[in-house]
Amino acid sequence: MCVEEPEQPPGGHQPALTPDSDQSDADSAFGGPIEGSWSASLASSVLNYKYENGRRYHAYREGQYILPNDEDEQARLDMLHHIYKMIIGGALYRAPLLQPQRVLDLGCGTGIYCIEFGDDHPESIVIGVDLSPIQPEFVPPNVKFYVDDIESEWAYPRSEHFDFIHGRALCGSIADWPNLFKQALENLKPGGWMEMQEYQCHVWSDDGTVDEAIYLKDWVEQMNEASKRFGKELKTADALKRTMQDVGFVDVHEEIYKVPIGPWAKDKKLKELGTFYRAQFIDAVEPFTLALFTRVLGYSNDEAMIHIARVKKDLVNPRLHMYVHFHFVWGRKASEQPASEG
Numbered sequence: 000m001c002v003e004e005p006e007q008p009p010g011g012h013q014p015a016l017t018p019d020s021d022q023s024d025a026d027s028a029f030g031g032p033i034e035g036s037w038s039a040s041l042a043s044s045v046l047n048y049k050y051e052n053g054r055r056y057h058a059y060r061e062g063q064y065i066l067p068n069d070e071d072e073q074a075r076l077d078m079l080h081h082i083y084k085m086i087i088g089g090a091l092y093r094a095p096l097l098q099p100q101r102v103l104d105l106g107c108g109t110g111i112y113c114i115e116f117g118d119d120h121p122e123s124i125v126i127g128v129d130l131s132p133i134q135p136e137f138v139p140p141n142v143k144f145y146v147d148d149i150e151s152e153w154a155y156p157r158s159e160h161f162d163f164i165h166g167r168a169l170c171g172s173i174a175d176w177p178n179l180f181k182q183a184l185e186n187l188k189p190g191g192w193m194e195m196q197e198y199q200c201h202v203w204s205d206d207g208t209v210d211e212a213i214y215l216k217d218w219v220e221q222m223n224e225a226s227k228r229f230g231k232e233l234k235t236a237d238a239l240k241r242t243m244q245d246v247g248f249v250d251v252h253e254e255i256y257k258v259p260i261g262p263w264a265k266d267k268k269l270k271e272l273g274t275f276y277r278a279q280f281i282d283a284v285e286p287f288t289l290a291l292f293t294r295v296l297g298y299s300n301d302e303a304m305i306h307i308a309r310v311k312k313d314l315v316n317p318r319l320h321m322y323v324h325f326h327f328v329w330g331r332k333a334s335e336q337p338a339s340e341g
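If you count the sequence shown from 1, position 278 lands on 277 in numbering that gives the first Met the number 0, and the numbers rise without skipping.
Next comes the structure, spelled out in structure tokens:
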């Protein structure tokens with residue numbers, strides 16, 4: 000959600016979104032328990048959550064992740080999961096998977112993606128990894144969760160490599176994207192796929208109304224600067240395809256979707272999508288702001304909350320026809336070539 004306004008948005012081949020002239024903005028607003036991993040079990044230290052600015056944060060690798068893990072944030076993550084599915088017609092992925100046996104979800108959050116994948120693919124073993132053990136206790140028998148840091152060295156033996164590795168909404172969480180993709184490539188089976196689903200941390204409009212969002216534009220510029228200082232940039236989605244190609248993935252594909260902020264689009268599906276996305280965006284402003292503004296930029300809690308209120312006011316302005324880009328990027332690990340004869 001962090002932006003510098005370019006002269007023209009990327010993906011210029013995409014049609015402009017048409018505002019709805021009749022818009023009314025009145026309606027805006029079963030397996031075993033979670034398992035411990037090789038890195039951290041569910042010991043008291045992992046569950047000894049930290050509290051800051053009225054929000055709850057992870058204890059394992061404290062400070063490595065800027066967002067909280069409390070109930071409000073979990074509800075937002077589940078809404079974001081719904082939004083990703085809405086964008087691609089209810090699907091969980093775009094990669095051409097064929098009965099994947101082993102699946103890894105990076106930064107699994109509440110575990111909702113893993114659970115739905117496990118239900119849809121009973122033939123798969125689905126593993127979710129996250130810094131926080133916030134997943135439900137009762138899950139499909141083929142789904143397992145581990146507490147671990149995906150930026151650390153991965154320790155999967157070759158016999159446990161994956162057919163599919165998925166990551167979503169990891170912007171602001173990764174310091175070294177090439178290393179993450181390199182480890183994913185090394186831990187895929189030959190012919191296996193990796194897919195990243197990310198929103199670009201930038202806001203556009205086709206009619207120039209984004210320029211009226213003064214507080215939002217100021218906020219995103221500061222967020223972008225703060226994330227750079229923190230060492231885990233928010234503005235990463237537009238570089239994912241190139242980075243995957245650079246580390247050795249083949250058959251890399253990318254799809255970019257415009258997602259409205261609010262119910263202003265004329266198209267009924269986009270109107271519904273925009274309604275959900277704006278609600279999620281409004282809920283995201285506080286958790287994204289608090290950690291970066293107070294820890295990195297030196298704001299007090301009260302000063303940060305004033306910024307949050309102003310940004311939310313821009314987000315609900317029905318005159319602003321703003322949108323973001325969601326990137327779906329997937330690539331394959333090359334199949335091993337048979338040894339030549341002679």
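All C-beta atoms, glycine included, are put in the ideal place defined by N, C-alpha and C. Computed from a prediction, not measured in an experiment: that's the story for all the values here.
Apart from the 5 residues on each side of it in sequence, Tyr83 sits with its Cβ closer than 7 Å to the Cβ of Arg167, Gln196 in its chain, given in chain order. For Pro189, the closest C-alpha among the options Leu16, Lys332, Phe144 is that of Lys332. The beta carbons of Val251 and Lys240 sit about 6 Å from each other, so the pair counts as a contact at 8 Å. Judged by their CB atoms, Asp210 and Ala15 are not nearer to each other than the 9 Å cut-off. Judged by DSSP secondary structure, Asp162 falls within the beta strand (DSSP E) whose first and last residues are 161 to 167.
Relative to the Cα of Asp245, the nearest Cα in the group Ser172, His160, Arg55, Pro177 belongs to Pro177. No Cβ-Cβ contact shorter than 9 Å links Gln199 with Ala174. Going by DSSP, His80 is part of no beta strand (DSSP E) but of the alpha helix (DSSP H) stretching over 70 to 86.
With distances taken between CA atoms, Leu319 lies nearest to Val202 out of Val202, Trp153, Asn52. Between the C-alpha atoms of Glu232 and Pro67 there is a straight-line separation of about 17 Å.
Rounded to whole angstroms, the gap between the alpha carbons of Asp129 and Asp104 is 9 Å. The residue from Ser172, Leu91, Phe287, Tyr112 with its alpha-carbon nearest to that of Gly127 is Tyr112. With 16 or more neighbouring CB atoms inside 10 Å of its own CB, Ser131 falls in the buried class. In this structure, DSSP gives Gln244 a helical state, which the three-state scheme calls helix.
The stretch 222 to 230 makes contact with the stretch 290 to 298, as at least three CB pairs between them are under 8 Å. With contacts defined as CB atoms closer than 9 Å, Leu215 and Met304 fail to qualify as a contacting pair. In the displayed model, His252 falls within a strand according to three-state DSSP. About 6 Å separates the CB atoms of Thr109 and Ile133; that is less than 8 Å, so the two are in contact.
In this model, Phe248 and Lys143 are separated by some 27 Å (Cα to Cα).
Straight-line spacing of the CA atoms in Ile86 and Tyr298 works out to 36 Å. If you draw a straight line from the Cα of Trp329 to the Cα of Met243, it is about 9 Å long. Annotation: the continuous beta strand (DSSP E) that includes Trp192 extends over 187 to 198. With a threshold of 16 other beta carbon atoms within 10 Å, Phe280 meets it and is buried. Beta bridge pairing from DSSP links Asp104 with Gly127, His165.
For the pair Pro286 and Asp19, the CB atoms are not nearer than the 9 Å cut-off.
Less than 9 Å divides the Cβ of His160 from the Cβ of Gly191. In the three-state DSSP reduction, Arg318 falls in the coil class, being neither helix nor strand. The three-state reading of DSSP puts Phe229 in helix, counting H, G and I together.
Between the alpha carbons of Asp282 and Asp313 lies a distance of about 14 Å. Sequence-distant Cβ neighbours of Arg54 in its own chain, meaning closer than 7 Å and more than five residues away, are Pro67, Asp69, Pro286, Leu289. C-alpha of His324 to C-alpha of Asn316: approximately 20 Å in a straight line.
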